[in-house]
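Its first residue numbered 15, the sequence shown is counted upward by one per residue in our numbering.
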Amino acid sequence: MQAAELLKYIKNPALLDKQSTTQLQKLVSDFPYFQTAHLLLSMSSKKWDASVYQQSLKKTAIVATNRAHLFHLIHQLENNIAIEEEKKTFVEEKVIEEKNTKEDQKHELDILKATEVISETKKEEVVTKKTVEPEEVFEKEIKKQVVESLVEKEILKTQEILYPVKTVEQPENFSDWLLFLKKNNGQSYQNIEEKVNEQKGKDLAANNEEIKKAISKKEKNKALIDKIIDTNPGLIRNKEEAKFYSPDNKAKESLIENEHLVTETLAKIYALQGSVNKAVRAYEILSLKFPQKSAYFASLIQKLKNNQ
């Protein structure tokens, strides 16, 4: 490899090709500690020869002082190559697009020209038809329309004579309305009033009949109740009167209003107030609620009874 070629590859690694890979392999074998040659070989083989790249990368990593920098250089070359390829592709696509645009514009111009020619031809045909059409056709059409309009007018006049339209005047107030009814239906105001009174009488009679039926039903129910009371007075007895008076029950009701709220403290308060019966009842309830303390509550009950 010549020195000028080596400098060219160092300045622009993107120029590396298959031939440069072979030349760099020979250079590395001649100068095994030449770091730049190893780096260029790795770059070139990565692009053109994967098998050589695997071997050269190991040797390049050994002689390289900074492996992170080595990784950056190799992949930077790959990115630059991809960018160059994208630029080429973009330029090619742009050229193709411009070419297609020019062709489309040319095609549109051809279509517009053809359309103008067709429209001009149609206009000429229309003008020719108008000039060729005779005046007799227009005269016939006008005569036909005039005759049809005259016939329609004559038919309308004939219908009005044969079937005249009768306008019915509507009454404006109540008196006019009565006169209108008298004239058209043959009924006078007196007849209408008689019919209204007759209907009122029928409605009143029906209401009276319903009232009589309701009163009769109520009287029957009352008579039935009185009969039951006379025959079996015990069935309608008041519950309070039927209940047998018991002094013990009255005393219990007056002692404890709510047995669920009884506590030992409440029983002691009853005892201190002198309400011995209430206190005894409270201890009885507590002994039922707490059977394990029944002996204790029994002794208190006995003590209260002894002090009474």
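All residues carry an ideal CB built from backbone N, CA and C; glycine is no exception.
When the Cα atoms are used, S34 and P27 turn out to be separated by approximately 10 angstroms. By the CB criterion at 8 angstroms, I239 and V276 fall outside the cutoff. Secondary structure of N26 (DSSP, three-state): coil. Of all alpha-carbon atoms in D217, E224, L54, K32, the one lying nearest the alpha-carbon of K22 is that of L54.
Sequence-distant Cβ neighbours of V77 in its own chain, meaning closer than 7 angstroms and more than five residues away, are Y47, Q49, H52. Here S56 is not near I24, since their CB atoms are 8 angstroms or more apart. A residue is called buried when at least 16 other Cβ atoms come within 10 angstroms of its Cβ; F85 does not meet this threshold and is exposed.
A distance of 8 angstroms or more separates the beta carbons of K292 and S301. If you draw a straight line from the Cα of K120 to the Cα of L29, it comes to about 41 angstroms. In terms of Cβ geometry, Y310 and A296 do not form a close pair [threshold 8 angstroms].
Straight-line measurement puts the Cα of L318 at about 52 angstroms from the Cα of I243.
The straight-line gap separating the alpha-carbon atoms of T245 and E224 is approximately 32 angstroms.
The shortest C-alpha to C-alpha distance from L286 to any of T74, N321, P305 is the one to N321.
In this structure, the CA atom of T36 is about 16 angstroms from the CA atom of K73. Judged by their CB atoms, L38 and S58 are nearer to each other than the 8 angstroms cut-off. Rounded to whole angstroms, I229 and A219 show a C-alpha spacing of 15 angstroms.
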